[in-house]
DNA sequence: CCACACCTCTATAACGTTATAGAGGTGGTG
DNA sequence: CACCACCTCTATAACGTTATAGAGGTGTGG
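Right, here's the structure in full:
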């Protein structure tokens, strides 16, 4: 193994504790001693054994970010932000991929496997409020992105209903009347899908448009493939939609592809809008109109909040933060109208 | 803190060591004792403190995957595979984002910060052979994806020259004559860019086509934006290319977008091909022809190789593996010819 | 009946760190 | 000069685990 405190102590002719104090600046150390120790550290190339340090301190310095799909660009972009913030606060962020698997999510919550992490940032998709409440692990937990409210944990998310509302409002304002939604879920699990459907329905009602269940397409997952498949089904309807709202940008991009393949023009025949503002949507043809969540805020806030809990802010009540979003208009919904 | 071996030992009325033996199956334990211990474990919900375990064992069970861009889908897809493989082998994979920063890469190599990881899978882009040779950390290292050869470490990559050659060959076979390359680098760093340019030149020569330096576009990075910018520059030339080979799929997609914006038809006017086979290319309009590396092989092999080293296969000589690739023809290069 | 092997289990010393209590020296104050 | 406060430093006990050496009991063969 590498150089340890003991080696430094011998080299510098001081005690273990003194070296530790120099390294951590915890107790005052005389200037001459400090320099001797520092020199020994430099010469031998010491760096602390984090495992041992954290065994002693009771913390590991590791936090985990658990997401349903690593290769969903939205989460990749979010992860990049979170990693940066974690490093800035002296933590290492571990990515945990649940692959949208219920068992994986439950295992994560119970935490039996990973006593190694100090805290968890979690985006659950297959479990609900009750499972989160039944959680046994005692390390801090911050929830992101989904609709599990009323649990004793910090929660950071956009207002899904409002975001969805804004998307539909935009489609209505550009003259669309038969507006479809792609990405409803069969089970009761993916809560934000429900919230987005709710926003969709509310906005339709507000615009005086009828709600047509046939225009709400279910999908098993939320990738490009799912979007394409659902769009094909919608096109097979006798009277296809003149606009589509995708659960997220990936779904919308899948829909875009299905429309192109079927020879429909976007936005002329059908308008398309998504949520997430992934970079891909700025380069698709046509470019994709989207609702942009403030990823920077979500990522940074989640990490900061988690670290605050880890470092002892036990008293503070759980916080539910709704981060802002904005509409980004691009080619897929045209350039005319409201 | 949580439940420890000691708690279990007390509950079951046995010694610490016996519980440890039950947990690890290291020494034989009588059947009746084993059951008593197991019951205590189940009742109290024990799980080992990994920090302590690894302090004792000298290993942490953590390996790192260091990549230049987390939100490059290629790396995200690779990471997903690597995480799966690592979990299967009992390791936890930490993502490390160098952001293609030279200092970050050097820090990673010297390893002073992270005595916490047992080994590193590293895709360097800003440093070369000499820096890798000068590495001081003593944990195992596996290099992936770039052209730093002749170092005493395992190395897994596709044959960049051959891959590039295959791409150009395909363009030539479909009747293209003025073929551009996007993604050369100014400095000597990103070695695979050089290799891909070499394959490009060799293939041109083999096809009896002239090498035109003006058709080789440099970029600072390798994202969609860079591809679009470079493509615009190429279009501004008096005699623009009839085909473009992108350093990777992201660059190619940027080029695609620039062509669409400028009113050029793909593939009719200009054909486009990339490398990586990211999912995005199956949904772009037009869909993107690409050279598909065997990501599954790269990811799994890298992890397996690293774990083998960690667990003691010190003797084996460093291995350089070239993983296979294949051409995937899609709309962006047309469906006729070659 | 003793010697020996065997099987199960235990006591204990690490691993490298940090926190606590206190030891030793110096200087100032009454 | 005695006393105390202060500053620096040290000895040591944890943290939770695993590896080593060995203790205690049981059975077997001479």
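Protein chains in written order, with the UniProt record's numbering: chain A, 1 to 338; chain B, 1 to 338. Glycine included, each C-beta is placed from N, C-alpha and C at the ideal position. The model shown is predicted, which means the values in this text are computed figures rather than measured ones.
Minimum Cβ-Cβ distance from residue i to chain B less than 9 Å
| i | result |
| --- | --- |
| residue 326 of chain A | no |
| residue 222 of chain A | no |
| residue 264 of chain A | no |
| residue 189 of chain A | Interpretation of residue 189 of chain A is limited by its pLDDT of 47, a score under 50 that renders its predicted location unreliable; no figure is taken from the coordinates. |
| residue 92 of chain A | yes |
| residue 70 of chain A | yes |
| residue 109 of chain A | no |
| residue 24 of chain A | no |
| residue 256 of chain A | yes |
| residue 54 of chain A | yes |
Burial state of residue i (16 or more Cβ within 10 Å)
| i | result |
| --- | --- |
| residue 239 of chain A | exposed |
| residue 335 of chain B | exposed |
| residue 324 of chain A | exposed |
| residue 10 of chain A | exposed |
| residue 280 of chain A | buried |
| residue 49 of chain B | buried |
| residue 91 of chain A | buried |
| residue 150 of chain B | exposed |
| residue 26 of chain B | exposed |
| residue 276 of chain A | buried |
| residue 259 of chain B | buried |
| residue 130 of chain A | exposed |
| residue 85 of chain B | buried |
Residue-chain proximity (residue i, chain A), Cβ-Cβ < 9 Å
| i | result |
| --- | --- |
| residue 249 of chain B | no |
| residue 174 of chain B | no |
| residue 19 of chain B | no |
| residue 276 of chain B | no |
| residue 95 of chain B | yes |
| residue 40 of chain B | no |
| residue 292 of chain B | no |
| residue 283 of chain B | yes |
| residue 73 of chain B | yes |
| residue 76 of chain B | yes |
| residue 145 of chain B | no |
| residue 160 of chain B | no |
For residue j and residue i, the rounded distance between their alpha carbons
| i | j | result |
| --- | --- | --- |
| residue 41 of chain A | residue 142 of chain B | 29 Å |
| residue 121 of chain B | residue 210 of chain A | 55 Å |
| residue 341 of chain A | residue 319 of chain A | With chain A running from 1 to 338 in the structure shown, residue 341 of chain A is simply not present. |
| residue 105 of chain B | residue 218 of chain A | 45 Å |
| residue 257 of chain B | residue 302 of chain B | 34 Å |
| residue 45 of chain A | residue 57 of chain A | 23 Å |
| residue 68 of chain A | residue 144 of chain A | 12 Å |
| residue 36 of chain A | residue 7 of chain B | 43 Å |
| residue 198 of chain B | residue 247 of chain B | 12 Å |
| residue 272 of chain B | residue 271 of chain A | 27 Å |
| residue 47 of chain B | residue 16 of chain B | 14 Å |
| residue 312 of chain A | residue 63 of chain A | 15 Å |
| residue 78 of chain A | residue 206 of chain B | 45 Å |
| residue 189 of chain A | residue 155 of chain A | Low local confidence applies: a pLDDT of 47 at residue 189 of chain A is under 50, so the model's placement there is unreliable, with the coordinate-based value given in what follows. Distance between the alpha carbons of residue 189 of chain A and residue 155 of chain A is about 17 Å. |
| residue 263 of chain B | residue 285 of chain A | 12 Å |
| residue 287 of chain A | residue 118 of chain B | 44 Å |
| residue 54 of chain A | residue 110 of chain A | 22 Å |
| residue 297 of chain B | residue 201 of chain A | 46 Å |
| residue 183 of chain B | residue 224 of chain A | 27 Å |
| residue 159 of chain B | residue 322 of chain B | 6 Å |
| residue 32 of chain A | residue 23 of chain A | 15 Å |
| residue 99 of chain B | residue 317 of chain A | 36 Å |
| residue 123 of chain A | residue 237 of chain B | 48 Å |
| residue 51 of chain A | residue 59 of chain A | 9 Å |
| residue 216 of chain B | residue 175 of chain B | 19 Å |
Expected contact under 8 Å - CB spacing of residue i and residue j to nearest Å
| i | j | result |
| --- | --- | --- |
| residue 278 of chain A | residue 249 of chain A | 5 Å |
| residue 165 of chain B | residue 327 of chain B | So it is not a contact: roughly 11 Å between Cβ atoms. |
| residue 193 of chain A | residue 231 of chain A | The Cβ separation is near 17 Å, so there is no contact. |
| residue 289 of chain A | residue 229 of chain A | That belief does not hold up - the Cβ atoms of residue 289 of chain A and residue 229 of chain A are roughly 22 Å apart, past 8 Å. |
| residue 222 of chain A | residue 251 of chain A | 6 Å |
Ranges of the beta strand (DSSP E) found wholly within the region 196 to 243 of chain B, counting only runs of at least 3: 216 to 218
So within the region 246 to 306 of chain B, which uninterrupted alpha helix (DSSP H) runs reach at least 4 residues, ignoring any that extend past its ends? As far as the region 246 to 306 of chain B is concerned, its whole alpha helix (DSSP H) runs of at least 4 residues are 249 to 261.
Length-filtered (3 minimum) beta strand (DSSP E) runs lying within the region 119 to 157 of chain A: 119 to 122 and 141 to 144
Please give me, in chain order, every unbroken run of the beta strand (DSSP E) with length at least 3 that falls completely inside the region 50 to 85 of chain A. 62 to 67
Contained alpha helix (DSSP H) runs [length at least 4] in the UniProt domain "HTH lacI-type" (3 to 57) of chain A, N- to C-terminal order: 5 to 12, 16 to 24, 31 to 44 and 50 to 57
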